[in-house]
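Numbering (the numbering used here), first residue to last: 459 to 1089.
#1: I'd like to know whether the C-beta atoms of residue 649 and residue 718 end up nearer to each other than 8 Å.
#2: Do residue 999 and residue 512 have their C-beta atoms closer together than 8 Å?
#3: With a cut-off of 8 Å on the beta carbons, I'd call residue 792 and residue 821 a contact; round off their distance for me.
#4: Residue 939 and residue 541: beta carbons closer than 8 Å?
#5: Could you tell me which of 603, 677, 627, 728 sits nearest to residue 611, measuring between CA atoms?
#6: For residue 547, which residues does DSSP report across the bridge?
#7: Jot down the residue ranges of each uninterrupted beta strand (DSSP E) in the stretch 655-738, minimum 3 residues, whole runs only, in chain order.
#8: Is the beta carbon of residue 755 sitting closer than 8 Å to the one on residue 777?
#9: Does any residue of chain B have a CB that is nearer than 8 Å to the CB of residue 671?
#10: On the criterion of 16 or more Cβ atoms from any shown chain inside 10 Å, does residue 705 qualify as buried, or is it exposed?
#11: What's the C-alpha gap between residue 981 and residue 549?
#12: Beta strand (DSSP E) containing residue 757: first to last residue?
#13: Just list the beta strand (DSSP E) runs in the stretch 999-1070, keeping only unbroken ones of 3 residues or longer that don't cross its boundaries, in chain order.
#14: Ignore the nearest five residues each way along the sequence and tell me which others in residue 1044's own chain have a CB closer than 6 Å to its CB.
#15: Return helix, strand or coil for residue 875, following the three-state DSSP convention.
#16: Could you give the DSSP three-state label for residue 898: helix, strand or coil?
#17: Among 592, 505, 510, which one has its Cα closest to the Cα of residue 915?
#18: Quick check on DSSP: helix, strand or coil for residue 824?
#19: Please classify residue 696: is it buried, with 16 or more other beta-carbons within 10 angstroms of its beta-carbon, or exposed?
#20: Would you report the Cα separation of residue 781 and residue 551, rounded to the nearest angstrom?
#21: Three or more C-beta pairs under 8 Å: does that hold for the stretch 915-928 against the stretch 987-997?
#22: What does the alpha-carbon distance come out to for the pair residue 971 and residue 811?
#23: Determine the direct distance from the alpha carbon of residue 509 to that of residue 1004, and round the result to whole angstroms.
#24: Go ahead and label residue 944 buried or exposed: buried means 16 or more other beta carbons lie within 10 angstroms of its beta carbon, across all protein chains shown.
#25: Between residue 571 and residue 642, how many whole angstroms is the CB-CB distance? I'm expecting something under 8 Å.
#26: Evaluate residue 942 with the Cβ neighbour count: other Cβ atoms within 10 Å of its Cβ, from every protein chain shown; 16 or more gives buried, anything less gives exposed.
#27: For residue 860, which three-state DSSP category applies?
#28: List the DSSP bridge partners of residue 942.
#29: If we ignore side chains and look at the alpha-carbon of each, how far apart do residue 742 and residue 1046 end up?
#30: When DSSP labels each residue in this structure, what does residue 601 get in the three-state scheme?
#31: First and last residue of the alpha helix (DSSP H) that includes residue 986?
#32: Between the stretch 706-713 and the stretch 576-595, are three or more C-beta pairs nearer than 8 Å?
#33: Leaving out five residues before and five after residue 929 in sequence, what residues of the same chain have Cβ atoms less than 7 Å from its Cβ?
#34: With burial defined as no fewer than 16 other Cβ atoms inside 10 Å of the residue's Cβ, what is the status of residue 1079: buried or exposed?
#35: Counting along the chain, where does the beta strand (DSSP E) carrying residue 971 start and finish?
#36: What number of angstroms, rounded off, separates the C-alpha of residue 651 from the C-alpha of residue 680?
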């Protein structure tokens, strides 16, 4: 019996040692051997992913106080009137390698435009499903004291094509070259800006979870030109595994030509010839394409001047929604008891204040839906390519327009009053299809210049057609089939797009850049996040930029409220009509990609001085950011 007990004691001791060993494995060793481990977690990739950097006071004397305390009066401050910008900079992007390479460009003497070029081409390599040289995009570039300009390099219909043409002419390469020529620093040659992308394409990079998942989701959609190319992305018929190295030799060869010859190769040279053969473009389709530099749409809110990419982008929806939320008279739209209760908490009740109290959350969701639907309907009626339609950018955000939209909301004539009618807000096939595509990044350089850019190939992997390293876009699906629509097809025309990069300005300085992927949900998700950042509170304190990005979102369409996280039963009941006149269906929809992927950088100002730099990246798409102070 004693031997038996000694045997049990020995067994227990061994079991304890094994348990301790397993715990040690879990905490110290498992990541090193886990084949499913995300390759870009920890270490150098997260070292500069701080929520904020506090800035010490500027040494120069503070700016004299202006007689006008409203930051939004027309005040084009000259460069010499601005305080010296502290030595801070940052990049927010969906992929860590893109953010890292963008930071290197700034540290090597480049500016935000230079870094944007590098980030754009690197994203083509490491995130080929979301953006690339087969697509296009729109970019806001803001210089201190000078305001912002829009670079419009979205795809255009072939000038020799018809509405049935399968692919639009890509614009990203021409757009990046245009930005380089117009506002590049001149310190770094074009070929050096593309070098990181070329290296990742030719030498390879470790595949992350998101790329693996998108290849799995689109296995039947993607059509490669050769079996050998398909085998790169689908070795053995399966999506390339996480942590395997993906080498894209065809893309590397194409990038090498663009490095050496610039946009001339892509639109006139060897790559142009290859695209004519693979995608059916004519020579004139490619040589006639031009990237545009235009004035952005601009709104003056109480605290900011807000810039949005010009038409045919949908930044107008974001700006109109923000202004409506700021000016909406809650006494006209809330039940009397609800309004009185809110008035006891806030001296000047706004829509944004409703988000911080569960007793008012149903009203917040409802009013945000009404505002968004009203702006979406305005987009449908009036937004198109200004080269083909009579569009005055300033009209979108004029007080007359905002008053008219508010009247529609007060009178109950917004699009949300048309339940079940999908076409009430969308009129193009590419808009109606569920879409989660596109990519966004924000860059701030050491001189205070900010870039906010959204690039896309249309749907994930564009049209699904591939040749010479290029996933060609699906942008032709974004034209309306209605000949009376401002978004109807015409040769050479750019279709309306949901990309909506925005930049907020105070005292001549860009203080927030933001944007998102997500197809038709892009403007709504940006609007929600802006509201969270402006009004959101946690524990009685204003939320950080990252907290605003991570806050659970919702999206309403056809009378259905899709919520990212389950609401309290009482809130659900009110949205469904208990004690209210609302008649929503509430559905929990937990797919992260459904709610976009906000990327953002923010600057906090006080009396003309920069006090803090904030970074933010959306965990829904494993978005990251890096911020740094060289002081």
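For each residue, glycine too, the CB sits at the ideal point set by N, CA and C. Just so we're clear, the structure is a prediction, and the values are computed from it rather than from any experiment.
According to the structure shown:
#1: yes
#2: no
#3: 6 Å
#4: no
#5: 627
#6: 1086
#7: none
#8: yes
#9: The structure shown has no chain B; it contains just one protein chain.
#10: exposed
#11: 22 Å
#12: 755-758
#13: 1012-1015, 1018-1021, 1043-1046, 1057-1064
#14: 1019, 1030, 1033
#15: Its pLDDT being 42, under 50, residue 875 is placed unreliably by the model, and the measurement read from it follows with that caveat. In the structure shown, residue 875 sits in a helix (DSSP, three-state: H, G or I).
#16: strand
#17: 592
#18: helix
#19: exposed
#20: 27 Å
#21: no
#22: 23 Å
#23: 7 Å
#24: buried
#25: 5 Å
#26: exposed
#27: helix
#28: Per DSSP, none; premise fails for residue 942.
#29: 49 Å
#30: strand
#31: 980-993
#32: yes
#33: 586, 590, 592, 915, 919, 920
#34: buried
#35: 967-973
#36: 29 Å
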